[in-house]
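Each remark here refers to the structure printed beneath this line.
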Amino acid sequence: MTKELKGTKRIKQFDLFDDVSTDDLTTLVKHVTVDEPAVGDYIIHEGKLTHRIFLLERGLVDVFKQIGKRMVRINAMGPGDYFGEIAMVLNCPPTATVRAREDVTLLSIPEDVFMSFIHRHKNVFFKIFKTATERLSSTNILQLRHLIDELDFYYQKFLDVQKIWYFLPAELVARTLRGEMEEVRTGYIRNVTVMFLDLRHYTFFAEIRDPKLVLTTLNEMFREITRIITRHDGNVDKFIGDGLMAIFESDTTARKNASNALEASVEIMQFMSTFNSSRYRHHEEEFYLGIGLNSGEVVFGNVGVENLMMNYTAIGDVVNVAARLASHEQNNVIALSEDTYKLVYRKLKNYKLSKQAEVELRGRREPVTFYRVSGF
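If you're matching positions, the sequence shown starts at 6 in my numbering and goes up one per residue.
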């Protein structure tokens, strides 16, 4: 077994990386350092920067908090746990001290490497964020009061973000926490694959059904669709009535972005087939989808009026074409632009494929060539 494969197997023991592919972990493993502190050794000192995250592979550690002049033990951790994430997420000094209760084995990853990694893997970022939230909220009132006093700005920043992050694109939350707002204000260009999803039969359903039932049904579908998109390293940019827009962006390759978007689209179609089968058995209306995918350069930034109403989103012709393809297409069909097709054509052997040449799309001057994918 190669050194990289052994390292990947060790990293895979941690639930944090359940949804990460072996190939991506192999790259991360190259930066992992193995440390073996002895009983009583201090691993992290409260208030002293370490610039690393630690994965506890073997042994037990104790977590202490400075309360006035006393050092109080507030937690204990064992194999499978990790620590150092709060300092990383909030960009502040560690909020507690960690000491080995027995001989331990730690896998540590440099901060810059890990932040780049979770930028590409949003599911890992959300797990980190959730753990940090739970650890901060689990302290008792006295500890929490001292914690607020000591963290001051950093803790308040965390609480503010915690309240609103569910309503914002994941990419914007991540950039806010990293202090990268200037790039968001001025706009920046990225090569991405854009997905537009258009839900069919919704207008009739909303007309004849109770509004609360409409909302519940819509959220039931979107909840699972969003999980699928996130699982394939995509971000939901916005929900648009009975549809949504998602962005597949990573620091790897355009081919990987397009492949992730295609795999997510196929899985969404398969989910809707199962969802509709259940509704049919219960004599309820069925729903259908149109999905459009397009790849290329877009501009990310805030659109709107500053200090009044702004929307962080991606704009450009690539986005417009994806939207038109989704609304133009037949039920339960994925429409790939020619740019996306060139990136994923090797993955289309098991599906029905037809080429649509020089098609005029509503609101666009130049006709486009695209490919219909069906037979999921």
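In this text, a Cβ means the ideal position worked out from N, Cα and C, and glycines have one as well. The model shown is predicted, which means the values in this text are computed figures rather than measured ones.
If we call anything under 9 angstroms between Cβ atoms a contact, is residue 337 one with residue 294?
As a position in the sequence shown, residue 337 is number 332, starting the count at 1. As a position in the sequence shown, residue 294 is number 289, starting the count at 1. Yes, Cβ-Cβ distance for residue 337 and residue 294 is below 9 angstroms.
What's the call for residue 376, buried or exposed, on a 16-neighbour Cβ count within 10 Å?
Counting from 1 along the sequence shown, the entry for residue 376 is found at position 371. Buried, because 16 or more other Cβ atoms sit within 10 Å of the Cβ of residue 376.
Among 121, 19 and 125, whose alpha-carbon lies nearest the alpha-carbon of residue 235?
Sequence index remark: in the sequence shown, residue 235 carries index 230 (1-based). When only C-alpha atoms are compared, the closest one is 125.
Taking contact to mean 3 or more Cβ pairs, one atom from each stretch, closer than 8 angstroms, check whether the segment 208 to 228 and the segment 254 to 262 are in contact.
no
Please report the residue range of the alpha helix (DSSP H) in which residue 278 lies.
In the sequence shown, residue 278 corresponds to position 273, counting from 1. That run of the alpha helix (DSSP H) goes 259 to 286.
Rounded C-alpha distance that separates residue 31 from residue 14
The residue given as residue 31 occupies position 26 in the sequence shown. The residue given as residue 14 occupies position 9 in the sequence shown. Rounded to the nearest angstrom, the two C-alpha atoms are 9 angstroms apart.
My guess is that residue 206 and residue 280 are in contact by the Cβ rule of under 8 angstroms, so how many angstroms apart are they, rounded?
For this step, residue 206 is matched to residue 201 along the sequence shown. For this step, residue 280 is matched to residue 275 along the sequence shown. Actually they do not touch by this definition, with Cβ atoms about 12 angstroms apart.
Return the chain-ordered list of same chain residues with a C-beta closer than 7 angstroms to the C-beta of residue 145, the five sequence neighbours on each side being excluded.
As a first step, residue 145 must be located in the sequence shown, where it is residue number 140. In this prediction, residue 145 scores a pLDDT of 48, lower than 50, which makes its location untrustworthy; no coordinate-derived value is stated.
Would DSSP call residue 328 helix, strand or coil?
Along the sequence shown, one-based indexing puts residue 328 at 323. Three-state DSSP puts residue 328 in a helix.
Please return the same chain residues whose Cβ sits closer than 7 angstroms to the Cβ of residue 147, not counting the five positions on each side in sequence.
For the purposes of this step, residue 147 is taken as the residue at position 142 of the sequence shown. At residue 147 the pLDDT is 45, less than 50, meaning the model places this residue with poor confidence; the figure from the coordinates comes in the next sentence. Same-chain partners within the cutoff: 72.
Cutting at 6 angstroms between CB atoms, please list the residues of its own chain near residue 356, excluding the five before and the five after it.
In the sequence shown, residue 356 corresponds to position 351, counting from 1. So the list reads 378 and 380, once near-sequence residues are dropped.
Residue span of the beta strand (DSSP E) that contains residue 216, given as start and end
Position 211 of the sequence shown, counted from the start, is the residue given in the question as residue 216. Here residue 216 belongs to no beta strand (DSSP E); instead the alpha helix (DSSP H) covers 216 to 236.
Using DSSP bridges, identify the partner residues of residue 193.
Counting from one through the sequence shown, the residue named residue 193 turns up at place 188. Residue 193 pairs with 305.
Using the Cα positions of residue 136 and residue 25, report the straight-line distance between them to the nearest angstrom.
Position 131 of the sequence shown, counted from the first residue, corresponds to residue 136. Position 20 of the sequence shown, counted from the first residue, corresponds to residue 25. Rounded to the nearest angstrom, the two C-alpha atoms are 18 angstroms apart.
Would you report the Cα separation of residue 33 and residue 223, rounded to the nearest angstrom?
The residue labelled residue 33 in the question sits at position 28 within the sequence shown. The residue labelled residue 223 in the question sits at position 218 within the sequence shown. If you take the alpha carbons of residue 33 and residue 223, they lie about 38 angstroms apart.
Neighbourhood of residue 140 by C-beta distance below 7 angstroms, restricted to the same chain and skipping five residues each side:
Taking the first residue of the sequence shown as position 1, residue 140 is located at position 135. Only 91 meet the Cβ criterion.
Check residue 37 in the structure and name its three-state DSSP category.
Sequence index remark: in the sequence shown, residue 37 carries index 32 (1-based). Three-state result, residue 37: coil.
Is the distance from the Cβ of residue 65 to the Cβ of residue 110 below 9 angstroms?
As a position in the sequence shown, residue 65 is number 60, starting the count at 1. As a position in the sequence shown, residue 110 is number 105, starting the count at 1. Contact flag unset, no.
Nonlocal neighbours in the same chain, by C-beta distance under 8 angstroms from residue 258, ignoring five residues either side:
For the purposes of this step, residue 258 is taken as residue 253 along the sequence shown, with counting starting at 1. For residue 258, where only same-chain residues beyond five positions count, there are no Cβ hits under 8 angstroms.
Residue 92 - containing alpha helix (DSSP H), residue span
Along the sequence shown, read from residue 1 onward, the residue named residue 92 stands at position 87. Here the alpha helix (DSSP H) through residue 92 covers 90 to 95.
Of all the options 308, 277 and 289, which has the alpha carbon lying nearest to the alpha carbon of residue 243?
The residue you call residue 243 lines up with position 238 of the sequence shown. Per the Cα distances, 308.
Does the separation of the CB atoms of residue 197 and residue 300 fall below 9 angstroms?
In the sequence shown, counting from the first residue as 1, residue 197 sits at position 192. In the sequence shown, counting from the first residue as 1, residue 300 sits at position 295. It is a contact, given that the beta carbons lie within the stated cut-off.
Would you kindly report the start and end of the unbroken alpha helix (DSSP H) that includes residue 119?
One-based indexing of the sequence shown puts residue 119 at position 114. Start and end: 116 to 125.
DSSP has residue 110 in a bridge; who is on the other side?
Along the sequence shown, read from residue 1 onward, the residue named residue 110 stands at position 105. Paired residues: 63.
Using the Cα positions of residue 120 and residue 333, report the straight-line distance between them to the nearest angstrom.
Locating residue 120 in the sequence shown gives position 115, where the first residue counts as 1. Locating residue 333 in the sequence shown gives position 328, where the first residue counts as 1. The straight-line gap from Cα to Cα measures roughly 39 angstroms.
Can you check DSSP and say which residues form a bridge with residue 295?
As a first step, residue 295 must be located in the sequence shown, where it is residue number 290. Bridge partners of residue 295: 203 and 338.
Spatial neighbours of residue 252 in its chain, beta-carbon cut-off 7 angstroms, leaving aside the 5 residues before and after
Along the sequence shown, read from residue 1 onward, the residue named residue 252 stands at position 247. Within the same chain, residue 252 has close Cβ partners 197, 199, 239, 240, 242 and 319.
Label residue 254 either buried or exposed according to how many other C-beta atoms from any shown protein chain fall within 10 Å of its C-beta, with 16 as the threshold for buried.
Your numbering for residue 254 matches position 249 in the sequence shown. Result: buried.
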